[in-house]
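Undergrad: Going by this note's numbering, 317 is the number at position 11 of the sequence shown; the sequence numbering is gapless. From the three backbone atoms N, C-alpha and C, an ideal C-beta is built for every residue, glycine too. Predicted model, so just to flag it, every value in this text is computed and none were measured. There's a structure below that I have some questions on.
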Amino acid sequence: MIAFLEGTLVESLPTQIVVNVHGVGYQVMIPISSFERLPTPGSAVKILTHLTVREDAHVLYGFCTAGERDLFRLLLHHVTGVGPKIALSVLSGLSLEMFKSAVVAGDTGTISKISGVGKKTAERIVLELKDKVGVAAEWEASSAKNAPSLEDVRLHDAVLALISLGYKQVEAHKAIRVIMKAGAEMPTSEELIRQALKILS
């Protein structure tokens, strides 16, 4: 098992990176949540990893935080029908706090709006994670302490609205990130959507 990679970030895309470790380039699949925390290419980087082995390939998945990797593994190992692709979509679509809050509250509507996650999968995620011993109580306590901020809620609502309008998850996140980097006062969800549509048009 490869627990982490530490080296130089060679290439950085929203869904994958290449890390040079002692002259060997490792291609690593990542969620958008990790992409947003990465340094610029050419910088030193340490990325936590999870290795999946298939008949035709060994695939590395990378995460900037232990919480992201833990959730990825929880989804893979404890939710029927969820593979690496859907697990990455979940991490890309919701912050850890918002996902935990949705599971604890049984909010399948929020989870089903994530790209690639339909109503049935959302229902399975809530049912199977809430029933997992220790998870519901632990997350309920975590959610009470770390309720999503107003900013998180507005960003999340804007991204989901853009996805519902037909834009890809990566495009929606990128447009919202451009707006937030402008450094203006935190706009409302409606204003975020309006500004994002101008960027995407």
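In whole angstroms, give me the CA-to-CA distance for S421 and N326.
TA: When rounded, the distance between both Cα atoms is 31 Å.
Undergrad: Please give me, in chain order, every unbroken run of the alpha helix (DSSP H) with length at least 4 that falls completely inside the segment 356 to 414.
TA: Runs found: 372 to 384, 390 to 399 and 402 to 411.
Undergrad: Along the beta strand (DSSP E) that carries E317, what are the first and last residues, could you check?
TA: That run of the beta strand (DSSP E) goes F310 to S318.
Undergrad: Can you tell which of M486, R375, A309 and E434 has the C-alpha that lies nearest to the C-alpha of S398?
TA: Measuring from the Cα of S398, the nearest candidate turns out to be R375.
Undergrad: Taking its Cβ as the centre, do 16 or more other Cβ atoms sit within 10 Å of H479, making it buried, or is it exposed?
TA: H479 should be labelled buried.
Undergrad: If E317 and R483 are in contact, beta carbons under 8 Å, what's the gap, nearest whole angstrom?
TA: Not quite, the Cβ-Cβ distance comes to about 19 Å (not below 8 Å), so this is no contact.
Undergrad: May I ask you to list the residues that DSSP assigns as paired with I353?
TA: In DSSP, I353 forms a bridge with L311.
Undergrad: Taking the straight line between their C-alpha atoms, what separation do you get for Q501 and H383?
TA: Roughly 39 Å separates the two Cα atoms.
Undergrad: Let me know the secondary structure DSSP gives V465 once reduced to three states.
TA: DSSP places V465 in helix when its eight states are reduced to three.
Undergrad: Helix or strand or just coil, what does DSSP make of I336?
TA: Residue state, collapsed to three classes: coil.
Undergrad: Could you name the residues that DSSP lists as bridge partners for I323?
TA: Answer by DSSP bridge pairing, in chain order: S318 and V334.
Undergrad: Go ahead and pull the three-state DSSP assignment for M492.
TA: Here M492 sits in coil by DSSP.
Undergrad: Could you say if the segment 348 to 362 and the segment 309 to 323 meet the contact criterion of at least three C-beta pairs nearer than 8 Å?
TA: Yes, the segment 348 to 362 touches the segment 309 to 323.
Undergrad: Please state the DSSP three-state secondary structure of E434.
TA: Helix.
Undergrad: Does DSSP put L344 in a helix, in a strand, or in coil?
TA: If DSSP states are grouped into helix, strand and coil, L344 belongs with coil.
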